[in-house]
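Peer 1:
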Amino acid sequence: MNSDALDAEVKSKVLSDSATGEITRWLQYAWEQHNLVRVYSYCPGPGLQGKIISALSGLDSIESRLRRVERKNKEKQKEKEDESKGKNHGHHRHHRHRP
Numbered sequence: 018m019n020s021d022a023l024d025a026e027v028k029s030k031v032l033s034d035s036a037t038g039e040i041t042r043w044l045q046y047a048w049e050q051h052n053l054v055r056v057y058s059y060c061p062g063p064g065l066q067g068k069i070i071s072a073l074s075g076l077d078s079i080e081s082r083l084r085r086v087e088r089k090n091k092e093k094q095k096e097k098e099d100e101s102k103g104k105n106h107g108h109h110r111h112h113r114h115r116p
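For the sequence shown, the numbering used here assigns the number 18 to the initial residue and increments by one for each residue that follows.
(1) By how many angstroms is the C-alpha of Leu76 removed from the C-alpha of Lys95?
(2) How about Thr37 and Glu98: are their beta carbons less than 8 Å apart?
(3) Taking the straight line between their C-alpha atoms, what separation do you get for Ser35 and Asn90?
(4) Indicate the three-state DSSP secondary structure (helix, strand or coil) for Ser10 in the structure shown.
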């Protein structure tokens with residue numbers, strides 16, 4: 018698999034800004050919930066602590082994935098700007114929002 022195909026593959030998985038925003042809001046909400054849960058974590062609930070720990074590591078991996086996505090989005094944004102300046106040749110234009 019050559020790097021161009023790989024690039025296209027990665028780009029196709031890049032989320033829109035609004036989707037990224039949604040995820041960020043959801044993460045913040047989940048984080049607040051987690052902080053509430055932590056208050057109760059001293060209660061020896063059945064496996065509660067384990068659940069919290071696994072939820073936390075889940076949050077961590079989501080967060081790093083989110084950072085990766087945001088970085089990709091920035092790159093993509095930059096490409097769009099370059100493209101509109103006409104630096105890119107041979108690319109079929111994507112539908113534009115501006116007339």
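Using N, Cα and C, we set each Cβ at its ideal position, and we do this for glycine too.
Peer 2: This is what the structure gives:
(1) For this step, residue 95 is matched to residue 78 along the sequence shown. For this step, residue 76 is matched to residue 59 along the sequence shown. Cα to Cα, the separation comes out at about 28 Å.
(2) In the sequence shown, residue 37 corresponds to position 20, counting from 1. In the sequence shown, residue 98 corresponds to position 81, counting from 1. Going by C-beta atoms, Thr37 is not nearer than 8 Å to Glu98.
(3) Counting from 1 along the sequence shown, the entry for residue 35 is found at position 18. Counting from 1 along the sequence shown, the entry for residue 90 is found at position 73. About 11 Å.
(4) With the chain covering only 18 through 116, there is no way to say anything about residue 10.
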